[in-house]
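Residue numbering for the sequence shown follows UniProt numbering, beginning at 1 and increasing consecutively. Backbone N, C-alpha and C fix where the C-beta goes; we use that ideal spot for every residue, glycine too. Keep in mind the model is a prediction, meaning the values are calculated, not measured. In what follows, a single structure is set out as C-alpha coordinates and then discussed.
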Amino acid sequence: MAGGSSFSGYARFTPSQQYQRSSGVTGTPKQSRATQKGIGLGGKGLGKGKGAKRHKKVLRDNIQSVTKGDIRRLARRGGVKRISAMIYDDVRHALKQRLQVILRDIVAIVEYSGRQTVTVRDVIFTLNRIGQPIYGFDASYTRER
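Structure representation (C-alpha coordinates):
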(Lines of atoms letter the chains of each structure in order from A and count residues from 1; the text may use other names and numbers.)
(Lines give C-alpha, C1' and ligand atoms only; values in the text may rest on other atoms or scores of the structure.)
Protein backbone atom coordinates (compact mmCIF):
# COMPACT_ATOMS: atom_id res chain seq x y z
CA MET A 1 0.00 0.00 0.00
CA ALA A 2 2.52 2.47 -1.08
CA GLY A 3 1.78 5.81 -2.49
CA GLY A 4 -1.40 7.73 -2.10
CA SER A 5 -3.85 4.93 -1.27
CA SER A 6 -6.32 6.14 1.29
CA PHE A 7 -8.39 4.01 3.57
CA SER A 8 -11.82 5.55 4.06
CA GLY A 9 -12.45 3.99 7.48
CA TYR A 10 -9.46 5.64 9.08
CA ALA A 11 -9.38 9.29 9.96
CA ARG A 12 -6.65 10.98 11.89
CA PHE A 13 -7.71 13.60 14.39
CA THR A 14 -5.61 16.34 15.78
CA PRO A 15 -6.20 17.40 19.39
CA SER A 16 -7.91 20.60 18.26
CA GLN A 17 -10.50 18.62 16.26
CA GLN A 18 -11.23 16.33 19.20
CA TYR A 19 -11.73 19.35 21.44
CA GLN A 20 -14.18 20.87 18.97
CA ARG A 21 -16.24 17.69 18.77
CA SER A 22 -16.51 17.19 22.53
CA SER A 23 -17.45 20.78 23.18
CA GLY A 24 -20.51 20.63 20.96
CA VAL A 25 -19.44 23.26 18.44
CA THR A 26 -20.47 21.00 15.57
CA GLY A 27 -23.73 22.85 14.95
CA THR A 28 -26.19 20.44 16.56
CA PRO A 29 -27.83 21.54 19.81
CA LYS A 30 -26.62 19.63 22.85
CA GLN A 31 -29.22 17.24 24.22
CA SER A 32 -29.63 16.40 27.84
CA ARG A 33 -28.73 12.95 29.09
CA ALA A 34 -32.37 12.15 29.75
CA THR A 35 -33.35 13.08 26.19
CA GLN A 36 -30.55 10.99 24.72
CA LYS A 37 -31.70 7.94 26.67
CA GLY A 38 -35.34 8.58 25.80
CA ILE A 39 -36.57 8.69 29.38
CA GLY A 40 -37.74 12.28 29.58
CA LEU A 41 -37.61 14.52 32.61
CA GLY A 42 -39.82 12.44 34.90
CA GLY A 43 -37.23 10.16 36.39
CA LYS A 44 -36.24 6.70 35.32
CA GLY A 45 -39.39 5.87 33.39
CA LEU A 46 -41.37 2.67 33.45
CA GLY A 47 -39.57 -0.57 34.03
CA LYS A 48 -36.03 0.75 34.00
CA GLY A 49 -34.24 -1.25 36.65
CA LYS A 50 -36.28 -0.35 39.70
CA GLY A 51 -36.29 -3.91 40.94
CA ALA A 52 -39.12 -5.98 42.32
CA LYS A 53 -41.19 -4.96 45.30
CA ARG A 54 -40.33 -7.07 48.29
CA HIS A 55 -43.32 -8.07 50.37
CA LYS A 56 -46.29 -7.89 48.02
CA LYS A 57 -49.51 -8.28 49.97
CA VAL A 58 -51.97 -10.70 48.34
CA LEU A 59 -55.56 -9.57 48.88
CA ARG A 60 -58.07 -12.39 49.21
CA ASP A 61 -61.07 -10.80 50.86
CA ASN A 62 -60.98 -7.06 51.42
CA ILE A 63 -61.34 -7.46 55.17
CA GLN A 64 -58.23 -9.65 55.18
CA SER A 65 -56.23 -6.58 54.16
CA VAL A 66 -56.61 -5.45 57.78
CA THR A 67 -53.47 -7.18 58.96
CA LYS A 68 -52.57 -8.66 62.31
CA GLY A 69 -50.24 -5.73 62.92
CA ASP A 70 -53.04 -3.24 62.24
CA ILE A 71 -55.28 -4.94 64.81
CA ARG A 72 -52.42 -5.04 67.32
CA ARG A 73 -51.82 -1.29 66.90
CA LEU A 74 -55.50 -0.52 67.45
CA ALA A 75 -55.55 -2.72 70.55
CA ARG A 76 -52.42 -1.06 71.94
CA ARG A 77 -54.04 2.35 71.48
CA GLY A 78 -57.01 1.04 73.44
CA GLY A 79 -54.76 -0.10 76.28
CA VAL A 80 -54.66 -3.84 75.57
CA LYS A 81 -51.50 -5.52 76.83
CA ARG A 82 -51.80 -9.06 75.51
CA ILE A 83 -53.76 -10.40 72.53
CA SER A 84 -54.96 -13.95 71.95
CA ALA A 85 -54.21 -15.52 68.58
CA MET A 86 -57.87 -16.41 68.05
CA ILE A 87 -59.10 -12.82 68.35
CA TYR A 88 -57.97 -11.47 64.97
CA ASP A 89 -60.74 -13.01 62.85
CA ASP A 90 -63.36 -11.89 65.38
CA VAL A 91 -62.04 -8.34 65.26
CA ARG A 92 -62.11 -8.37 61.46
CA HIS A 93 -65.71 -9.61 61.51
CA ALA A 94 -66.79 -6.92 63.99
CA LEU A 95 -64.96 -4.23 62.03
CA LYS A 96 -66.64 -5.30 58.80
CA GLN A 97 -70.12 -5.20 60.38
CA ARG A 98 -69.52 -1.76 61.90
CA LEU A 99 -68.18 -0.34 58.64
CA GLN A 100 -71.16 -1.75 56.72
CA VAL A 101 -73.60 0.03 59.04
CA ILE A 102 -71.75 3.34 58.81
CA LEU A 103 -70.99 3.22 55.09
CA ARG A 104 -74.56 2.26 54.16
CA ASP A 105 -75.83 5.54 55.65
CA ILE A 106 -72.94 7.57 54.22
CA VAL A 107 -73.55 6.24 50.71
CA ALA A 108 -77.26 7.09 50.99
CA ILE A 109 -76.43 10.67 52.02
CA VAL A 110 -73.87 11.17 49.28
CA GLU A 111 -76.09 9.71 46.56
CA TYR A 112 -79.08 11.79 47.63
CA SER A 113 -77.05 14.99 47.54
CA GLY A 114 -75.82 14.15 44.03
CA ARG A 115 -72.15 13.96 44.93
CA GLN A 116 -69.51 11.30 44.44
CA THR A 117 -67.13 12.36 47.21
CA VAL A 118 -67.56 11.46 50.87
CA THR A 119 -66.71 14.40 53.13
CA VAL A 120 -65.80 14.55 56.79
CA ARG A 121 -69.14 16.20 57.40
CA ASP A 122 -70.95 13.13 56.00
CA VAL A 123 -69.10 10.82 58.38
CA ILE A 124 -69.72 13.04 61.41
CA PHE A 125 -73.40 13.41 60.56
CA THR A 126 -73.82 9.64 60.15
CA LEU A 127 -72.03 8.82 63.40
CA ASN A 128 -74.18 11.36 65.28
CA ARG A 129 -77.28 9.90 63.65
CA ILE A 130 -76.55 6.34 64.79
CA GLY A 131 -75.68 7.53 68.30
CA GLN A 132 -71.87 7.22 68.19
CA PRO A 133 -70.60 10.81 67.97
CA ILE A 134 -66.94 11.70 67.59
CA TYR A 135 -65.90 14.25 70.17
CA GLY A 136 -64.08 17.34 69.02
CA PHE A 137 -66.50 18.47 66.30
CA ASP A 138 -69.02 21.13 67.22
CA ALA A 139 -72.65 20.99 66.13
CA SER A 140 -72.18 23.72 63.53
CA TYR A 141 -69.92 21.40 61.56
CA THR A 142 -72.82 19.07 60.74
CA ARG A 143 -75.24 21.79 59.65
CA GLU A 144 -75.61 22.88 56.04
CA ARG A 145 -73.44 25.84 55.15
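Discussion item. For Y112 and D70, what's the separation of their Cα atoms in angstroms?
Written reply: Whole-angstrom Cα-Cα distance: 33 Å.
Practice prompt. Taking only the alpha-carbon atoms, compute the straight-line gap between I83 and D138 and give it to the nearest angstrom.
Written response: The straight-line gap from Cα to Cα measures roughly 35 Å.
Worksheet entry | Same chain only: Cβ atoms within 8 Å of Q64, ignoring 5 sequence neighbours per side | R92
Practice prompt. From the DSSP output, in three-state form, read off Y135 for me.
Written response: coil
Worksheet item: When the Cα atoms are used, what is the spatial distance from I106 to Q97?
Response: So the alpha carbons of these two residues sit roughly 14 Å apart.
Worksheet item: Would T126 be called buried (16 or more neighbouring beta carbons within 10 Å of its own) or exposed?
Response: The residue in question, T126, is buried, as its Cβ has 16 or more Cβ neighbours within 10 Å.
Discussion item. Determine whether the beta carbon atoms of V118 and V110 lie at a separation below 9 Å.
Written reply: yes
Worksheet item: What are the start and end residues of the alpha helix (DSSP H) that includes N128?
Response: 120-129
Worksheet item: Rounded C-beta distance between L95 and V66? I'm assuming under 8 Å.
Response: 6 Å
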